[in-house]
Amino acid sequence: MISNELIYRGYQQGDERLLKELCIQVFNEERSIPDWQWEFMDTPEGPSNIRVIEDKGAIVGHIALIPIRFQYMDKEIVVGKSEDSSLREDYRGKRLFGKLEHQCFDEAAEKGYAASYSISRTANDVHIKAGYHPLKPIEGYFVPLRSDQVVSELKSAGIISGYQAWFARPLLKVIERRFRRRLERAESPPAGITIERMTRFTTEFDDLWRRFACQNRVITIKRSSAYLNWRFNQKPNNEYEIYAARCKGELVGYLVCTSVKRKGNFKVDLKIGVTSDFLFLNSHQEVLAPLIYRAANYWVECQCDVVINWVHRDSLYAPKMIAQLKKLGLVSMLGKYSIPISVRALRDEVSIDYIANERNWFFTLAFSGRWA
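Numbers 1 to 372, taken from UniProt numbering, label the letters of the sequence shown in order.
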């Protein structure tokens, strides 16, 4: 039974253990304390803005805005990424979360957060009700690398029937064989271009970001070496591959990819290859193809079951990325399993009309949560 004395408050030391329990209850997923500490407390911009609902010693509701430095027009702003918005099931339908969310917005605005965004299937409707503006979703392009395993998982999870599996299996095998043939025939990088595997982001990446930012006045995460190392290298149990593209030795682009295997609220237990982030200079768009080919070889080598690359159709470089994925043999998921995005202005320095236009953005999965 819900208490008459619900406590709305900010984060207190030790809450992460109670939040771990809430995460299991709501998302069917267990988070380690080091993973929580990395994402919410150890960011380059400092601790996240966290609000919770406490009842009888338990945390029953939670919202957090993770501070991330963004480029916005010709300046930098701090944007809050909404993460792990959750309310225990027995507390829903009582208008509790809206109050918590607006407390978080007001507090974040006072701290200097200019806007917030959300990439979430589970919380998207709640965020829209709280004043977020929906953008077009990020769409998926996929290719199976182990067709039999993919079909078996989809069937056992009840996503497809035995009859559908009978049709799907040969079709996926055709898509898989085409991908492998095209990867084997991949062209060598253009003259002067080399692809190098790296283990961390050096100060070279700061210079690359400055040059990119001067060329493209888009809304996007500031790809400083500090941010990139936090996002990918300092993440507990990270398994990211970093590929740098060089033109005659000079860094002109990069791509980060990984393979993830987690179930949680996902119904299937598959190892998925994804592109987590990429960036290149306008004058060196030719590096995208060899970067993608290098990532594709990694996904094959680490025996991913399926590769899914998410692309925002209206974002910077999207047409080139989509064309490259199709050339390699990836197929559109036709809107299925797309990722909703929504944005909200918190301060007057940000125009909602400007941030609500997808063509002003450069999206990658670096925007997303910890899993990619």
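Glycine included, C-beta positions come from ideal geometry on N, C-alpha and C. Fair warning: this is a prediction, and the values are worked out from it, not measured in the lab.
**Study point:** Delimiting residues of the beta strand (DSSP E) encompassing C304
**Key:** Unbroken run through C304: none, as it is neither H nor E.
Check your understanding: Excluding the five sequence neighbours on either side, which residues of its own chain have a C-beta within less than 8 Å of the C-beta of K56, listed in chain order?
Key -> S3
Check your understanding: Can the beta-carbon of V306 be found less than 8 Å from the beta-carbon of G253?
Key -> Not closer than 8 Å, so no.
Check your understanding: How about I352 and I119: do their beta carbons lie closer than 8 Å?
Key -> no
Check your understanding: Sorted by chain position, which residues of the same chain lie with C-beta nearer than 8 Å to M41's C-beta, five sequence neighbours on each side aside?
Key -> Excluding five sequence positions before and after M41, the CB atoms of its chain that fall closer than 8 Å to its own CB belong to P47, S48, given in chain order.
Practice item. List the DSSP bridge partners of N309. Key: Y141
Review point. Cα separation between G264 and E29?
Key: Its pLDDT being 46, under 50, G264 is placed unreliably by the model, and nothing is read from it.
**Study point:** Inter-residue CB distance, V52 and D15 (contact presumed, cutoff 8 Å)
**Key:** 6 Å
Practice item. Kindly indicate which residue of E349, N282, I195 has the alpha-carbon position closest to the one of K248. Key: I195
**Study point:** Alpha-carbon spacing of A226 relative to S161, whole angstroms
**Key:** 47 Å
Exercise for review: Measure the Cβ-Cβ separation of I219 and F70 and say whether it is below 8 Å.
Suggested key: yes
Point to revise | N265, DSSP secondary structure in three states | key: Residue placement at N265 cannot be trusted, given a pLDDT of 45 that sits under 50; what the coordinates show is reported in the next sentence. It is coil, neither helix nor strand.
Check your understanding: For A356 versus H133, is the C-beta spacing smaller than 8 Å?
Key -> With respect to H133, A356 sits close: the two C-beta atoms are nearer than 8 Å.
Practice item. Given a cut-off of 8 Å, decide if I66 and G80 are closer than it, judged by their beta-carbon atoms. Key: yes
Exercise for review: Please determine, among Q234, Q303, R344, F212, the residue with the shortest C-alpha to C-alpha distance to N282.
Suggested key: When the alpha-carbon of N282 is set against those of Q234, Q303, R344, F212, the nearest one is in F212.
Review point. When the Cα of A108 is compared with those of L96, R95, V78, S86, which residue comes out closest?
Key: V78
Check your understanding: Whose CA, out of I308, F97, K111, lies closest to the CA of residue 375?
Key -> Nothing can be reported for residue 375: it is not among the residues displayed for the chain, which extend from 1 to 372.
Check your understanding: If you scan the stretch 156-202 from start to end, which runs of the alpha helix (DSSP H) of 4 or more residues do you find wholly inside it?
Key -> 162-184
Check your understanding: Short check: CB of C304 to CB of I272, under 8 Å?
Key -> Result yes, Cβ atoms of C304 and I272 sit closer than 8 Å.
Review point. So with Cβ pairs under 8 Å, would you call L18 a contact of chain D?
Key: Among the protein chains of the structure shown there is no chain D, as only one such chain exists.
Exercise for review: Taking M73 as the reference, give the member of I63, S368, N360 with the closest Cα.
Suggested key: N360
Check your understanding: In the structure shown, what three-state DSSP assignment does E54 receive?
Key -> strand
Practice item. Would you kindly work out how many angstroms separate the C-alpha atoms of Q13 and R178, rounded to a whole number? Key: When rounded, the distance between both Cα atoms is 53 Å.
Review point. Once you ignore the five residues that flank D206 on each side, which residues in its own chain have a CB closer than 8 Å to its CB?
Key: S224, S225
Check your understanding: Can you list, in chain order, the stretches of the alpha helix (DSSP H) that have 4 or more residues and sit fully within the stretch 329-359?
Key -> 352-355
Point to revise | C-beta contact flag for N233 and R197 at 8 Å | key: no
Exercise for review: Could you say which of I322, K94, S82 lies nearest to Y117 if we only look at CA atoms?
Suggested key: The residue with the shortest Cα to Cα distance from Y117 is S82.
Exercise for review: Could you tell me if Q215 is buried or exposed, where buried requires 16 or more neighbouring beta carbons within 10 angstroms of its beta carbon?
Suggested key: exposed
Review point. With DSSP run on the structure shown, which of helix, strand or coil describes Y113?
Key: strand
Practice item. Starting from the Cα of K320, find the closest Cα among I128, L346, L291, V260 and give me that residue. Key: L291
**Study point:** Of the listed residues L172, G61, V143, nearest to Y8 (C-alpha basis)
**Key:** G61
**Study point:** Chain-order list of residues whose beta-carbon lies under 8 Å from that of A168 (same chain, five-residue window excluded)
**Key:** Cβ within range, chain order: V151, L154, I160.
Point to revise | DSSP state of Q12 mapped onto helix, strand, coil | key: coil
Practice item. State the Cα-Cα distance for the pair T295 and V274, rounded to the nearest angstrom. Key: The residue asked about is misnamed: residue 295 is Ala in this sequence, not Thr. One Cα belongs to A295, the other to V274, and the distance between them is close to 9 Å.
Exercise for review: Buried or exposed for A372, please, with buried defined as at least 16 other CB atoms from any protein chain shown within 10 angstroms of its CB.
Suggested key: Buried.
Review point. Rounded C-beta distance between E358 and K136? I'm assuming under 8 Å.
Key: 5 Å
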